[in-house]
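A.B. asks: Below you'll find the structure I mean.
In my numbering, the protein residues as written are 386 to 1045.
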């Protein structure tokens, strides 16, 4: 059942956790509340400010408000405070459509006219009653079940939610909860996302169980929602109740009836979250969560401190800063700026930075001293660090360590590296070397880089695992955590999955056995959208491949020279994909674009995808190099250059090799 204030803002309560629907629900209730004669009693904090609970909500919270705080509280706060509306996008529309389709498969949606807050909550209570009656009359599934109450008596805050699906097992007399989540990618959700969904289903269970146990009273509901329990329902509500043979005129009588029936049920047993791919509506995975009352209570009480005005909103920790890349408020986020400054201040105190400063002083001394330069003339030139590249400091340290300690001791310098400090820096270089290689690879300008983020990320994880055997320190653990939290988002990105597959150096070599099916499904889905070509195929063979070195970032992958089986995953693929997978991977030193140039007629549709995805630069480094070139060209003495002249000079400078 759904409600509509007057004849506008008709709302189907099919998914309260969808931001668009939640916004519409709040607008619907705000419109009815605006015309209500009930007085408003906003709560204020100690400094007299209206607390967020009253400022952003109507005195009660949605379960989605609390679960979204686990992702980023600061982001949620900005959504409330920065002007603007939530724009509808195809992904949100598809998710809503899937929810609605499942709801309609379970029961009909009836539009009912409402005129007051009492009518709105009568509909919620009736929808709950519908689920109870469904179980009592032999049905095993109830969808879109409203739930409400005070989760924990320690904090008298009212919370409302909508359970996607309840499954009743009459034989064992158990009820399981299932929450539907749609995804635009076929990859499994990250830990941060699953944590958010776990909080959501645990709160649902807590609210449902409280109703079953009879701990929620009518007076509590009336107090929090400012309802008149004895006020008679509107005509359409009364008519609908009579059609269901329920002779109740007000919320007082209706709640007595529903609460009595609710206590005949049992508490929720298991908590499930179902992840569905939006493109095909197929189920990707089921995740079962264990209810932990201590965990949810601790999180809930902490989240309420924000809503009660007891603390400011909290953003993500440094380890989860990758979330900021998906945030619309990244450029204005005060929390992000504050954390960056704290991290920089904390790192200054570390020994590694102190040793790096010693290296810097040594290089400055050597550059200013003719005697020092003569002593080191037989060694490679020492490299100074710069402010634009993080790995320039690493190169500086390595260049200093390449000079024997005895030779450096001959230089007259107040600060020198001890043997122990050289050892620490040597370990630092060993640990950071894979990251230096990764940086150089993904910042390539004249090579294919779009296919590198996923293999490089997995390669870093593998290299850290090998390094941890010799250096089992906190830094390794922090790097492992950072790689997983910040870089593993690329492993789920469809564009990078396609690029890695379409790179004949990798194909599916980077995939674990259980990932191959997911990878091929993504490629097959995208390949089906490419128009077929009638061009005659040509037979071209790839050159033989070489085994990667053990210290290579890609050493975790199987040898490319081993002939791969056709259709390794066992699922049905197109003939082009089958032919492509049957070819040996090309050598890592070869150019993937030359491979596709040679095989564009034999694999026409895959070649079109390759041109589209392999042309994507993995980083902004090539563009940033243009700024350096522009700075050298547009000097103060050339400040009167015309725009057209400057553009031509840049064209010649950056593409001069092509003109030869």
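Glycine is no exception: its CB is placed at the ideal position from the N, C-alpha and C atoms.
Tell whether a beta-carbon distance below 9 Å holds between residue 994 and residue 911.
C.D. replies: The residue you call residue 994 lines up with position 609 of the chain shown. The residue you call residue 911 lines up with position 526 of the chain shown. Contact: yes.
A.B. asks: Just list the residues that DSSP pairs residue 550 with in beta bridges.
C.D. replies: On the chain shown, residue 550 is found 165 positions in, with the first residue counted as 1. Answer is 528, 563, bridged to residue 550.
A.B. asks: Which residue marks the beginning of the beta strand (DSSP E) containing residue 654, and which one marks its end?
C.D. replies: Position 269 of the chain shown holds residue 654. It spans 653 to 662 - the beta strand (DSSP E) in which residue 654 sits, taken as one unbroken run.
A.B. asks: How is residue 857 classed by DSSP in three states: helix, strand or coil?
C.D. replies: To locate residue 857, count along the chain shown from 1; it is residue 472. Coil.
A.B. asks: Start and end of the alpha helix (DSSP H) containing residue 672?
C.D. replies: Taking the first residue of the chain shown as position 1, residue 672 is located at position 287. It is not in any alpha helix (DSSP H) - residue 672 instead sits in the beta strand (DSSP E) that spans 668 to 674.
A.B. asks: Let's test the definition: count the other Cβ atoms within 10 Å of the Cβ of residue 527 and tell me whether it reaches 16, buried, or not, exposed.
C.D. replies: For the purposes of this step, residue 527 is taken as residue 142 along the chain shown, with counting starting at 1. Counting Cβ neighbours within 10 Å, residue 527 comes out buried, since at least 16 surround it.
A.B. asks: One question on the structure: do residue 878 and residue 840 come within less than 9 Å of each other, judged by their Cβ atoms?
C.D. replies: Taking the first residue of the chain shown as position 1, residue 878 is located at position 493. Taking the first residue of the chain shown as position 1, residue 840 is located at position 455. Against a cut-off of 9 Å, the Cβ pair of residue 840 and residue 878 comes out as no contact.
A.B. asks: When you compare only the Cα positions, how much space is there between residue 521 and residue 674?
C.D. replies: Numbered from its first residue, the chain shown carries residue 521 at position 136. Numbered from its first residue, the chain shown carries residue 674 at position 289. Their backbone Cα atoms lie some 27 Å apart in a straight line.
A.B. asks: Going along the chain, which residues of its own chain have a beta-carbon closer than 7 Å to the beta-carbon of residue 884, five neighbours each way excluded?
C.D. replies: On the chain shown, position 499 is the one that residue 884 refers to. Taken in chain order, the residues that qualify are 835, 836, 998, 999, 1001.
A.B. asks: Beta-carbon separation of residue 786 and residue 659 under 9 Å?
C.D. replies: Numbered from 1 along the chain shown, position 401 holds the residue referred to as residue 786. Numbered from 1 along the chain shown, position 274 holds the residue referred to as residue 659. Going by C-beta atoms, residue 786 is not nearer than 9 Å to residue 659.
A.B. asks: I'd like to know if the stretch 617 to 637 and the stretch 568 to 584 are in contact, where contact means that at least 3 CB-CB pairs between them fall below 8 Å.
C.D. replies: Not touching, per the Cβ criterion.
A.B. asks: Pull up the CB-CB distance for residue 584 and residue 681, whole angstroms please, since I reckon it's below 8 Å.
C.D. replies: Taking the first residue of the chain shown as 1, we reach residue 584 at position 199. Taking the first residue of the chain shown as 1, we reach residue 681 at position 296. Confirmed, Cβ separation roughly 7 Å.
A.B. asks: So, for residue 895: in the same chain, excluding its five sequence neighbours on each side, which residues have a beta-carbon less than 7 Å away from its beta-carbon?
C.D. replies: The residue labelled residue 895 in the question sits at position 510 within the chain shown. So the qualifying residues of the chain are 839, 840, 843, 885, 942.
A.B. asks: Provide the residue span of the alpha helix (DSSP H) that contains residue 769, from first to last.
C.D. replies: Here residue 769 corresponds to residue number 384 of the chain shown, with the count starting at 1. Note, residue 769: premise wrong, no alpha helix (DSSP H); not H, not E.
A.B. asks: When we look at the beta-carbon of residue 666 and count the other beta-carbons within 10 Å, is it buried (16 or more) or exposed?
C.D. replies: Counting from 1 along the chain shown, the entry for residue 666 is found at position 281. Exposed, because fewer than 16 other Cβ atoms sit within 10 Å of the Cβ of residue 666.
A.B. asks: Taking the alpha helix (DSSP H) that residue 582 belongs to, which residues open and close that run?
C.D. replies: Residue numbering aside, residue 582 sits at position 197 when the chain shown is read from its first letter. Here the alpha helix (DSSP H) through residue 582 covers 576 to 598.
A.B. asks: If you drop the 5 nearest sequence neighbours on each side, which residues of the same chain put their C-beta closer than 6 Å to that of residue 696?
C.D. replies: On the chain shown, residue 696 is found 311 positions in, with the first residue counted as 1. The residues are 690.
A.B. asks: What would DSSP say about residue 679, mapped onto helix, strand or coil?
C.D. replies: For the purposes of this step, residue 679 is taken as residue 294 along the chain shown, with counting starting at 1. Three-state DSSP puts residue 679 in a helix.
A.B. asks: Can you tell me whether residue 875 is helix, strand or coil according to DSSP?
C.D. replies: On the chain shown, position 490 is the one that residue 875 refers to. It is helical.
A.B. asks: Hey, how far is the Cα of residue 832 from the Cα of residue 992?
C.D. replies: Taking the chain shown and counting its residues from 1, one reaches residue 832 at position 447. Taking the chain shown and counting its residues from 1, one reaches residue 992 at position 607. Their backbone Cα atoms lie some 17 Å apart in a straight line.
A.B. asks: Excluding the 5 residues flanking residue 595 on each side, which residues of the same chain have their C-beta closer than 6 Å to its C-beta?
C.D. replies: Here residue 595 corresponds to residue number 210 of the chain shown, with the count starting at 1. Excluding positions up to five away in sequence, the list reads 534, 601.
A.B. asks: Thinking C-beta only, is residue 447 closer than 9 Å to residue 546?
C.D. replies: On the chain shown, position 161 is the one that residue 546 refers to. On the chain shown, position 62 is the one that residue 447 refers to. Against a cut-off of 9 Å, the Cβ pair of residue 447 and residue 546 comes out as a contact.
A.B. asks: Please name the residue in 636, 718, 758, 598 whose C-alpha comes closest to that of residue 616.
C.D. replies: As a working note, residue 616 is residue 231 in the chain shown. For residue 616, the nearest C-alpha among the options comes from 636.
A.B. asks: Looking at C-alpha atoms only, which residue of 664, 803, 642, 656 is the closest neighbour of residue 551?
C.D. replies: Working through the chain shown from its first residue, we reach residue 551 at position 166. Considering only alpha carbons, the answer is 656.
A.B. asks: Expressed to the nearest angstrom, what Euclidean distance is found between the alpha-carbon atoms of residue 353 and residue 1026?
C.D. replies: Examination of residue 353 is not possible in this model, given that the chain is present from 386 through 1045 alone.
A.B. asks: Note the first and the last residue of the continuous alpha helix (DSSP H) segment covering residue 1016.
C.D. replies: For the purposes of this step, residue 1016 is taken as the residue at position 631 of the chain shown. That run of the alpha helix (DSSP H) goes 1006 to 1018.
A.B. asks: Between residue 503 and residue 612, is the Cβ-Cβ spacing less than 9 Å?
C.D. replies: Start at 1 with the first residue of the chain shown, and residue 503 comes out as number 118. Start at 1 with the first residue of the chain shown, and residue 612 comes out as number 227. Yes, Cβ-Cβ distance for residue 503 and residue 612 is below 9 Å.
A.B. asks: From 653, 1009, 986, pick the residue whose C-alpha is nearest to that of residue 773; which is it?
C.D. replies: As a working note, residue 773 is residue 388 in the chain shown. Taking only the C-alpha atoms, the option nearest residue 773 is 1009.
A.B. asks: Would you grab the beta carbon distance between residue 760 and residue 708 for me? Rounded to a whole angstrom, and I think it's under 8 Å.
C.D. replies: Position 375 of the chain shown, counted from the start, is the residue given in the question as residue 760. Position 323 of the chain shown, counted from the start, is the residue given in the question as residue 708. Not quite, the Cβ-Cβ distance comes to about 51 Å (not below 8 Å), so this is no contact.
A.B. asks: Look at residue 714 and residue 460 and say whether their C-beta atoms are less than 9 Å apart.
C.D. replies: For the purposes of this step, residue 714 is taken as the residue at position 329 of the chain shown. For the purposes of this step, residue 460 is taken as the residue at position 75 of the chain shown. In contact: residue 714 and residue 460 (Cβ atoms closer than 9 Å).
A.B. asks: Taking only three categories from DSSP, how would you classify residue 694?
C.D. replies: Mapped onto the chain shown, residue 694 falls at position 309. If DSSP states are grouped into helix, strand and coil, residue 694 belongs with coil.
A.B. asks: Rounded to the nearest angstrom, how far is the Cβ of residue 576 from that of residue 676, given a contact under 8 Å?
C.D. replies: Counting from 1 along the chain shown, the entry for residue 576 is found at position 191. Counting from 1 along the chain shown, the entry for residue 676 is found at position 291. About 18 Å separates the two Cβ atoms, so there is no contact after all.
A.B. asks: Name the two residues that bound the continuous alpha helix (DSSP H) containing residue 521.
C.D. replies: Residue mapping note: residue 521 aligns to position 136 of the chain shown, counting from 1. Note, residue 521: alpha helix (DSSP H), 502 to 521.
A.B. asks: Can you pull the DSSP bridge partners for residue 446?
C.D. replies: By 1-based counting over the chain shown, the position of residue 446 is 61. Answer is 544.
A.B. asks: Using the DSSP secondary-structure output, state which residues sit across from residue 534 in a beta bridge.
C.D. replies: Position 149 of the chain shown, counted from the first residue, corresponds to residue 534. Note: residue 534 sits in a beta bridge opposite 544.
A.B. asks: So with Cβ pairs under 9 Å, would you call residue 549 a contact of chain C?
C.D. replies: The structure shown contains no chain C; it is built from a single protein chain.
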